[in-house]
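**Student:** The listed protein sequences correspond, in order, to chains A and B.
Mapped onto the numbering used here, the consecutive letters of the first sequence carry residue numbers 1 to 189.
Mapped onto the numbering used here, the consecutive letters of the second sequence carry residue numbers 1 to 189.
Number of protein chains: 2
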Amino acid sequence: MKQETRKDEIINTAAKLFKEKGYSAVTMRDLATAMGIKAASLYNHINSKQEILKAIIISIAEEFTSGMNSIIQSEASSISKLESIVALHVNITSNNTNGMASLNNDWMHLEDQLDYYLQLRNEYEANFLGIINEGVTASEIKNSNPEIIMFSMLTTLRSLYLWIPKKEDLNAKNLGQSLSEVLISGINN
Amino acid sequence: MKQETRKDEIINTAAKLFKEKGYSAVTMRDLATAMGIKAASLYNHINSKQEILKAIIISIAEEFTSGMNSIIQSEASSISKLESIVALHVNITSNNTNGMASLNNDWMHLEDQLDYYLQLRNEYEANFLGIINEGVTASEIKNSNPEIIMFSMLTTLRSLYLWIPKKEDLNAKNLGQSLSEVLISGINN
DNA sequence: TCACCAAACTAACAAGTGTTAGTTTAGTGT
DNA sequence: ACACTAAACTAACACTTGTTAGTTTGGTGA
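1. Counting only Cβ-Cβ distances shorter than 7 Å, please list the residues of the stretch 136-159 of chain A near chain B, keeping chain order.
2. Is the CB-CB distance between Asp-115/B and Phe-18/B below 8 Å?
3. Buried or exposed: Lys-54/A, going by 16 or more other Cβ atoms within 10 Å of its Cβ?
4. Please list the partners that Trp-107/B has in chain A, where partner means a Cβ-to-Cβ separation under 8 Å.
5. Using a Cβ-Cβ cut-off of 8 Å, state whether Ser-102/B counts as contacting chain A.
6. Determine which residues share a DSSP beta bridge with Ile-141/A and list them.
7. Output yes if chain B places a C-beta closer than 8 Å to the C-beta of Ile-79/A; else output no.
8. Would you list, in sequence order, the uninterrupted beta strand (DSSP E) runs of no fewer than 3 residues that lie entirely inside the stretch 126-179 of chain A?
9. Tell whether a beta-carbon distance below 8 Å holds between Ser-180/A and Glu-75/A.
10. Quick check: what's the CA-CA separation for Asn-145/B versus Asn-188/B?
11. Just curious, the alpha helix (DSSP H) that Ala-39/A is in, first and last residue?
12. Determine, using beta-carbon pairs with one atom in the stretch 146-162 of chain A and one in the stretch 114-131 of chain A, whether at least three such pairs fall under 8 Å.
13. Along chain B, which residues have their Cβ under 7 Å away from the Cβ of Glu-181/A?
14. In this structure, does DSSP put Ser-77/A in helix, strand or coil?
15. Indicate the three-state DSSP secondary structure (helix, strand or coil) for Gln-113/A in the structure shown.
16. Is the beta carbon of Thr-93/A within less than 7 Å of some heavy atom of the ligand COA?
17. Round the Cβ separation of Met-100/A and Ile-60/A to the nearest angstrom and send it over; I've been treating them as touching at under 8 Å.
18. Per the contact definition of three or more C-beta pairs closer than 8 Å, is the stretch 157-173 of chain A in contact with the stretch 83-93 of chain A?
19. My assumption, with CB atoms under 8 Å, is that Ile-52/B sits in contact with Ala-14/B. Please give the rounded CB distance.
20. Alpha carbon to alpha carbon, what distance is there between Glu-111/B and Gln-50/B?
21. To the nearest angstrom, how far is it from the Cα of Lys-173/A to the Cα of Ile-164/A?
22. I need the straight-line Cα distance from Ser-78/A to Val-136/A, nearest angstrom please.
23. Mind checking Glu-198/B: buried by the 16 CB within 10 Å criterion, or exposed?
24. Measure the C-alpha to C-alpha separation of Asn-171/A and Lys-167/B and round it to an integer number of angstroms.
25. Tell me which residues of the stretch 9-23 of chain B have at least one Cβ-Cβ distance to chain A shorter than 9 Å, keeping chain order.
26. Quick one: list the residues of chain B neighbouring Ile-184/A, beta-carbon separation under 8 Å, in chain order.
27. Which residues in the same chain have their Cβ closer than 6 Å to the Cβ of Leu-183/B, if we skip the five residues on either side of it in sequence?
28. Distance check for Leu-118/B and Glu-134/B, CA to CA, integer angstroms please.
29. Is DSSP giving Glu-62/B helix, strand or coil here?
30. Out of Gly-176/A, Ser-80/A, Gly-67/A, state which residue places its alpha-carbon closest to the alpha-carbon of Glu-123/A.
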């Protein structure tokens, strides 16, 4: 719980603006105005616009990688692992909805870190698919198209950042449970 | 099947670029280079960059509205209506994956047409939710949170544009069926 | 051959872009 | 009183942005 530095404030404000208009459409002058200062003053705290994007995206991507590694190493059933993935997304997204928007929509504007980001994402998706395949083999999961299953779950989870801010009445635990139910058991009676 | 005009070519090329980098990050010079001409030449065919975005997004949004109206007026069961919605998304997205990317990611950069777009989207979501609620009342659909159900389905469907281009082996009909199965019946055995 | 026209071109514009350099301000510990 | 420092400022830079004006090109029908 260390306190927020001025640099953190700038990054958080930037994340909020990036969520609204996207990285490319937000100028350093926009960001400065939102902070109540002049654009040049931002450079007392950060080195470049690109550095801000990197700070937002890479830290979140590494959180996902770390969470996924814990889940894979656990001894739980495949369905239970999928429920943990849902909870992972709900938790990370709840703590940083603005940053998740950048991760989803502005990752392609990463420069030096683009390859690293893509590597993390590919590994994450491969692990996700691995869990589903494992569940199919163990007959826990229907033997339909595993990629469609992953696609459906992952895109829903990736879009949580759009939805969580509107539903403050649901806490993370309840939302995770409801979502797991819908994603895993379906909606029909 | 009328043939493609030069203006159409520009709009389609723009949609492709917008998908890759987003509206704000694509310059008129980028677009011109992709067309093999100079930026100024674009203005022989279009009036502004904004007009291109409008042409891409609004036509698709109106397709969705029109499709949804047909579904609502049908006498089918709620589950069957949801299957039709899945098919609607698969069809529209298959025909214009690039345009769907702009609709999803760049709608906020619409200027004059922003309010109109938001109106269409709100109506669409209200109709979608109405079908789910109707299904809950008729005991076709589980009595869990209808908004979570809509969120889950709609975000999956909205992300199809990312996924369809990678899976050319699946035709629209098969993909629609598989996706309906996953979304409606779940994935567990 | 001539007029026409779609569609390209060159040249330029005013405004906005990220960023740098150097300076001022106000508060803190000695 | 003094030096130090975090954090703001003004002014400017080189470049990029969307767009306009006027011109050239090459093909088509009369």
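Quick reminder that beta carbons are idealized off the backbone N, C-alpha and C, glycines included.
**Tutor:** A quick look at the data gives this:
1. Ser-139, Glu-140, Ile-141, Lys-142, Ser-144, Asn-145, Ile-148, Ile-149, Phe-151, Ser-152, Thr-155, Thr-156, Ser-159
2. Against the second sequence, residue 115/B aligns to sequence position 115. Against the second sequence, residue 18/B aligns to sequence position 18. Contact flag unset, no.
3. Here residue 54/A is taken as the residue at index 54 of the first sequence, counted from 1. By the neighbour-count rule (16 or more Cβ atoms within 10 Å), Lys-54/A is buried.
4. For the purposes of this step, residue 107/B is taken as residue 107 along the second sequence, with counting starting at 1. By Cβ distance, chain A contributes nothing, its closest Cβ being about 11 Å from Trp-107/B, past 8 Å.
5. For the purposes of this step, residue 102/B is identified with residue 102 of the second sequence, where counting begins at 1. No, Ser-102/B lies away from the interface with chain A (no Cβ there is under 8 Å from its Cβ).
6. Position 141 of the first sequence, counted from the start, is the residue given in the question as residue 141/A. In DSSP, Ile-141/A forms a bridge with Asn-188/B.
7. Against the first sequence, residue 79/A aligns to sequence position 79. Chain B contact via Cβ: present.
8. none
9. Within the first sequence, numbered from 1, the residue matching residue 180/A stands at position 180. Within the first sequence, numbered from 1, the residue matching residue 75/A stands at position 75. No. Outside cutoff.
10. If you number the second sequence from 1, residue 145/B lands on position 145. If you number the second sequence from 1, residue 188/B lands on position 188. About 19 Å.
11. By one-based count along the first sequence, residue 39/A stands at place 39. Start and end: 39-42.
12. yes
13. As a working mapping, residue 181/A is identified with position 181 in the first sequence. What Glu-181/A touches in chain B: Ser-144.
14. As a position in the first sequence, residue 77/A is number 77, starting the count at 1. If DSSP states are grouped into helix, strand and coil, Ser-77/A belongs with coil.
15. Along the first sequence, read from residue 1 onward, the residue named residue 113/A stands at position 113. Looking at Gln-113/A - three-state DSSP - the assignment turns out to be coil, as it is neither helix nor strand.
16. Among the ligands in the structure shown, none appear at all, so the ligand COA cannot be discussed.
17. On the first sequence, position 100 is the one that residue 100/A refers to. On the first sequence, position 60 is the one that residue 60/A refers to. Confirmed, about 7 Å.
18. yes
19. Sequence index remark: in the second sequence, residue 52/B carries index 52 (1-based). Sequence index remark: in the second sequence, residue 14/B carries index 14 (1-based). With a Cβ gap of about 5 Å, Ile-52/B and Ala-14/B count as contacting.
20. Residue 50/B sits at position 50 when you count from the first residue of the second sequence. Residue 111/B sits at position 111 when you count from the first residue of the second sequence. Going by the C-alpha atoms only, they are around 8 Å apart.
21. The residue labelled residue 173/A in the question sits at position 173 within the first sequence. The residue labelled residue 164/A in the question sits at position 164 within the first sequence. Taking the straight line from one Cα to the other gives about 12 Å.
22. Position 78 of the first sequence, counted from the first residue, corresponds to residue 78/A. Position 136 of the first sequence, counted from the first residue, corresponds to residue 136/A. Rounded to the nearest whole angstrom, the C-alpha separation of Ser-78/A and Val-136/A is 9 Å.
23. This structure leaves residue 198/B out entirely; chain B is present only between 1 and 189.
24. For the purposes of this step, residue 171/A is taken as the residue at position 171 of the first sequence. For the purposes of this step, residue 167/B is taken as the residue at position 167 of the second sequence. About 36 Å.
25. The stretch 9-23 of chain B vs chain A, Cβ under 9 Å: Glu-20, Lys-21, Gly-22, Tyr-23.
26. Residue numbering aside, residue 184/A sits at position 184 when the first sequence is read from its first letter. Correct list: Gly-186, Ile-187, Asn-188.
27. Here residue 183/B is taken as the residue at index 183 of the second sequence, counted from 1. Excluding residues within five positions, the ones whose Cβ falls inside 6 Å are Met-153.
28. Here residue 134/B refers to the residue found at position 134 when the second sequence is read from its first residue. Here residue 118/B refers to the residue found at position 118 when the second sequence is read from its first residue. Going by the C-alpha atoms only, they are around 24 Å apart.
29. If you number the second sequence from 1, residue 62/B lands on position 62. The answer is helix: DSSP assigns Glu-62/B an H, G or I state.
30. Position 123 of the first sequence, counting from 1, holds the residue named residue 123/A. That would be Gly-67/A, whose Cα lies nearest to the Cα of Glu-123/A.
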